[in-house]
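**Q** End of the sequence shown = 389 in our numbering, gap-free, step of one. Glycine included, C-beta positions come from ideal geometry on N, C-alpha and C. Quick one: this structure, given as structure tokens, is what I'll be asking you about.
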Amino acid sequence: MDAGRLRFTDNLDDALDGVTVAFVCVGTPAREDGSPNLSYIQAVAEAAATIATGELVLVEKSTVPADTGRRLRETVDRIRRTTPGPDIHIASNPEFLREGTAVDDTLNPDRIVLGTDTDWAAAQLDAVYAPVVTAQHVPVIHTDVPTAELIKHASNAFLATRISFINAVAQICERVGADVEQVADGMGLDQRIGRAFLSAGLGYGGSCFPKDVDGFAHLASQVGYRFGLLDEVRAINIGQRQWVLDQLTDQLWHLEGKTVALLGAAFKPGTDDLREAPAMWLTDRLRHAGAHVRIWDPVALDQVAHQAPWLDRRTDVADALDGADAAVIATDWPELADVRPQIFADRMTNPLLIDGRNLLDGTRYAAAGVTYQEGDIYPRDLQAALV
Ligand code: UGA
């Protein structure tokens, strides 16, 4: 900002003045039926076509279905019929940023995907990314617009599928007495598979995977393909949460009047984002079952106060555990691994710990007298019965 290369404005005329590349980053919130609300994108395209004073590349950065580029083209052409002006090129340049590491992901991307419909637009985008590409030797993929849109959809849906796959494997592991973390390690060493996104537990949350899996399934059905795999990915993901709830009921008999400490509120570590967070799903169900819910999180308690003011918030883990009948690790915050097992044993009325993220070394907790259950645990008596 000091060098005058970055500035902010809430005036669109000002924002587009003298600009050749405009990235559209507006929200695309999910509607009831899972389809994304694209009205904000359309509004930006209409405004840009009305305002632009020079040749412009209008770049989709928001995650959008794979025919948005065509719709944007139609929108701009419709405006052009009554408002003549310079050429506007449509492009898709999906982002692959993770919350909490977005700046690093921007400067060190695995790949840059440029979907354009003209050589001029491709050249403008190449120039934008030249410093990052040159410095980091980042591969650039040039495609048409719908292909770029689909790369984003397919990437997120595939990562979500990996998580649900390992969660399904985790259920099998418990039934046969295997260790899912070691299974994932063993699979991950195969270079064709890799270890990333094979951590079993409470499943995926956040503003991207749940919405994008729904959006991709919706797009598939719109074009006449039943993408049943994605239905199962969603079902497994919700099943993991339900399963923790079932475990609590199983262990505590009923939840009425019981105190449950939820350790972690955010959908993942490194953020205070509660959108689609498994912890928030659990709090709602526990509350309706009559439990008293306490919640600890190192950064998200302000968001919790805003979204669920009725929740009993604790800034200290030991304090959250005081007199509790059960504790659930809902977010894999690294600081939880530093809490000594004895704290769980001493502070809780009933030291039952469900490790919903497979974060801890269970043997240490069992040695301290804590009833430790991994997030993928299957009832022992049933397992014994099966054996
Ligand atoms: C995700 C993608 O990773 C980004 O590449 C993408 O750009 C972004 O969505 C987006 O579409 O904007 P993000 O939502 O920030 O990024 O979160 P992730 O780090 O991918 O984690 C998503 C969820 O999966 C979290 O709840 C996490 O706890 C869970 N997860 C992740 C697992 O349950 N197991 C794993 O092995 C990995």
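Classify Val389 as helix, strand or coil using the three-state DSSP reduction.
**A** Residue numbering aside, residue 389 sits at position 387 when the sequence shown is read from its first letter. With a pLDDT of only 38 at Val389, under 50, the local geometry of the prediction cannot be trusted, and no value is derived from it.
**Q** Could you check which residue in Ala159, Gly20, His220, Thr103 has the C-alpha nearest to that of Asp69?
**A** Position 67 of the sequence shown, counted from the first residue, corresponds to residue 69. The shortest Cα separation from Asp69 among Ala159, Gly20, His220, Thr103 belongs to His220.
**Q** Indicate, with yes or no, if ligand 1 has a heavy atom lying under 7 Å from the CB of Thr77.
**A** To locate residue 77, count along the sequence shown from 1; it is residue 75. Because no heavy atom of ligand 1 lies under 7 Å away, the Cβ of Thr77 does not count as near it: no.
**Q** What is the C-beta distance between Thr120 and Ser64, in whole angstroms, given that I count them as a contact (C-beta under 8 Å)?
**A** By one-based count along the sequence shown, residue 120 stands at place 118. By one-based count along the sequence shown, residue 64 stands at place 62. The pair is not a contact, with the Cβ atoms about 21 Å apart (cut-off 8 Å).
**Q** So Ala326 and Val262 are supposed to be a Cβ contact under 8 Å. How far apart are they, rounded?
**A** Looking up residue 326 in the sequence shown gives position 324. Looking up residue 262 in the sequence shown gives position 260. Confirmed, Cβ separation roughly 7 Å.
**Q** Using C-beta distances below 6 Å, list every residue in its chain close to Leu354, excluding the 5 sequence neighbours before and after it, in chain order.
**A** Counting from one through the sequence shown, the residue named residue 354 turns up at place 352. Excluding residues within five positions, the ones whose Cβ falls inside 6 Å are Gln253, Ala328, Thr373.
**Q** Run the proximity test for Ser166: is its beta-carbon closer than 7 Å to any non-hydrogen atom belonging to ligand 3?
**A** No copy of ligand 3 occurs in the structure displayed; its ligands are ligand 1 alone.
**Q** How long is the line joining the alpha carbons of Leu362 and Gln184, rounded to whole angstroms?
**A** By 1-based counting over the sequence shown, the position of residue 362 is 360. By 1-based counting over the sequence shown, the position of residue 184 is 182. C-alpha separation (whole angstroms): 14 Å.
**Q** Looking at Val301: is its Cβ nearer than 8 Å to the Cβ of Asp274?
**A** To locate residue 301, count along the sequence shown from 1; it is residue 299. To locate residue 274, count along the sequence shown from 1; it is residue 272. Against a cut-off of 8 Å, the Cβ pair of Asp274 and Val301 comes out as a contact.
**Q** Along the alpha helix (DSSP H) that carries Val306, what are the first and last residues, could you check?
**A** Residue 306 sits at position 304 when you count from the first residue of the sequence shown. Counting along the chain, the alpha helix (DSSP H) containing Val306 begins and ends at 303 to 309.
**Q** Does at least one heavy atom of ligand 1 sit under 7 Å from the Cβ of Tyr131?
**A** Position 129 of the sequence shown, counting from 1, holds the residue named residue 131. Checking the Cβ of Tyr131 against ligand 1 gives no.
**Q** Measuring straight from C-alpha to C-alpha, what distance separates Gly56 and Leu18?
**A** By one-based count along the sequence shown, residue 56 stands at place 54. By one-based count along the sequence shown, residue 18 stands at place 16. In a straight line, the C-alpha of Gly56 is about 9 Å away from that of Leu18.
**Q** Per the DSSP calculation, Arg296 is bridged to which residue(s)?
**A** Position 294 of the sequence shown, counting from 1, holds the residue named residue 296. Ala263, Asp314.
**Q** Looking only at its chain, what residues have a beta carbon closer than 7 Å to the beta carbon of Asn110, apart from the 5 residues adjacent to it on each side?
**A** Within the sequence shown, the letter at position 108 stands for residue 110. These residues qualify, in order along the chain: Gln138.
**Q** Ligand 1 heavy atoms versus the CB of Gly226: any closer than 7 Å?
**A** Sequence index remark: in the sequence shown, residue 226 carries index 224 (1-based). Between ligand 1 and Gly226, a heavy atom-to-CB distance of less than 7 Å is absent.
**Q** Label Pro280 either buried or exposed according to how many other C-beta atoms from any shown protein chain fall within 10 Å of its C-beta, with 16 as the threshold for buried.
**A** Translated into positions along the sequence shown, residue 280 becomes position 278. Classification for Pro280: buried.
**Q** Please determine, among Gly292, Arg236, Ile168, the residue with the shortest C-alpha to C-alpha distance to Trp255.
**A** Against the sequence shown, residue 255 aligns to sequence position 253. Nearest to Trp255 by C-alpha distance, out of Gly292, Arg236, Ile168, is Gly292.
**Q** Taking only heavy atoms of ligand 1 into account, decide whether any of them is closer than 7 Å to the Cβ of Ser41.
**A** Here residue 41 is taken as the residue at index 39 of the sequence shown, counted from 1. Every heavy atom of ligand 1 is 7 Å or more from the Cβ of Ser41, so no.
**Q** Between Pro67, Asp299, Val215, Asn13, which lies nearest to Gly230 when the distance is taken from Cα to Cα?
**A** As a first step, residue 230 is located in the sequence shown; it is residue number 228 there, counting from the start. Comparing Cα-Cα distances from Gly230 to each of Pro67, Asp299, Val215, Asn13, the minimum goes to Val215.
**Q** Spatial neighbours of Leu14 within its chain, please: C-beta separation below 7 Å, excluding the five flanking residues on both sides.
**A** Within the sequence shown, numbered from 1, the residue matching residue 14 stands at position 12. Closer than 7 Å at Cβ, skipping near neighbours: Ala49, Ile53.
**Q** Check whether the Cβ atoms of Val23 and Val171 sit closer than 8 Å, and answer yes or no.
**A** On the sequence shown, position 21 is the one that residue 23 refers to. On the sequence shown, position 169 is the one that residue 171 refers to. Contact: no.
**Q** Whole-angstrom Cβ separation of Thr317 and Leu303, contact assumed at under 8 Å?
**A** As a first step, residue 317 must be located in the sequence shown, where it is residue number 315. As a first step, residue 303 must be located in the sequence shown, where it is residue number 301. About 7 Å separates the two Cβ atoms, so the contact holds.
**Q** Quick check on DSSP: helix, strand or coil for Asp383?
**A** In the sequence shown, the residue the question calls residue 383 occupies position 381. Note on Asp383: pLDDT 43, under 50, position unreliable in the model; no value is reported.
**Q** Is the beta carbon of His91 sitting closer than 8 Å to the one on Thr118?
**A** As a first step, residue 91 must be located in the sequence shown, where it is residue number 89. As a first step, residue 118 must be located in the sequence shown, where it is residue number 116. Yes, the Cβ-Cβ distance between His91 and Thr118 is below 8 Å.
**Q** Taking 7 Å as the cut-off, is the C-beta of Glu151 nearer than that to any heavy atom in ligand 1?
**A** Position 149 of the sequence shown holds residue 151. False, no ligand heavy atom lies under 7 Å from that Cβ.
**Q** Given a threshold of 16 other Cβ atoms within 10 Å of its Cβ, counted over all protein chains shown, does Leu191 qualify as buried or as exposed?
**A** Translated into the one-based positions of the sequence shown, residue 191 becomes position 189. With fewer than 16 other Cβ atoms within 10 Å, it is exposed.
**Q** How long is the line joining the alpha carbons of Asn239 and Ile165, rounded to whole angstroms?
**A** As a first step, residue 239 is located in the sequence shown; it is residue number 237 there, counting from the start. As a first step, residue 165 is located in the sequence shown; it is residue number 163 there, counting from the start. Cα-Cα distance, rounded: 8 Å.
**Q** Can you list, in chain order, the residues of its chain with a C-beta nearer than 8 Å to that of Arg228? Leave out the 5 residues immediately preceding and following it.
**A** Here residue 228 refers to the residue found at position 226 of the sequence shown. These residues qualify, in order along the chain: Ala222.
**Q** With distances taken Cα to Cα, identify the nearest neighbour of Cys27 among Met3, Leu99, Thr365, Asp35.
**A** Counting from one through the sequence shown, the residue named residue 27 turns up at place 25. Nearest C-alpha to Cys27: Leu99.
**Q** Using CA coordinates, which residue listed in Phe199, Val21, Glu101, Ile331 is at the minimum distance from Leu264?
**A** Translated into positions along the sequence shown, residue 264 becomes position 262. Per the Cα distances, Ile331.
**Q** Check whether the Cβ atoms of Ala150 and Val115 sit closer than 8 Å, and answer yes or no.
**A** Working through the sequence shown from its first residue, we reach residue 150 at position 148. Working through the sequence shown from its first residue, we reach residue 115 at position 113. Contact flag set, yes.
**Q** May I ask you to list the residues that DSSP assigns as paired with Gln375?
**A** Taking the sequence shown and counting its residues from 1, one reaches residue 375 at position 373. Paired residues: Ile356.
**Q** Taking DSSP as the reference, what is the three-state secondary structure of Arg212?
**A** Residue mapping note: residue 212 aligns to position 210 of the sequence shown, counting from 1. A quick correction: the sequence has Pro, not Arg, at residue 212. Pro212: helix per DSSP, three-state reduction.
**Q** Give the secondary structure of Glu62 by DSSP, where H, G and I count as helix, E and B as strand, and everything else as coil.
**A** Here residue 62 refers to the residue found at position 60 of the sequence shown. Correct three-state label for Glu62: strand.
**Q** Within 10 angstroms of its Cβ, does Gln403 collect 16 or more other Cβ (buried), or is it exposed?
**A** Residue 403 cannot be examined here, being either before or after the span of the chain that is shown, 3 to 389.
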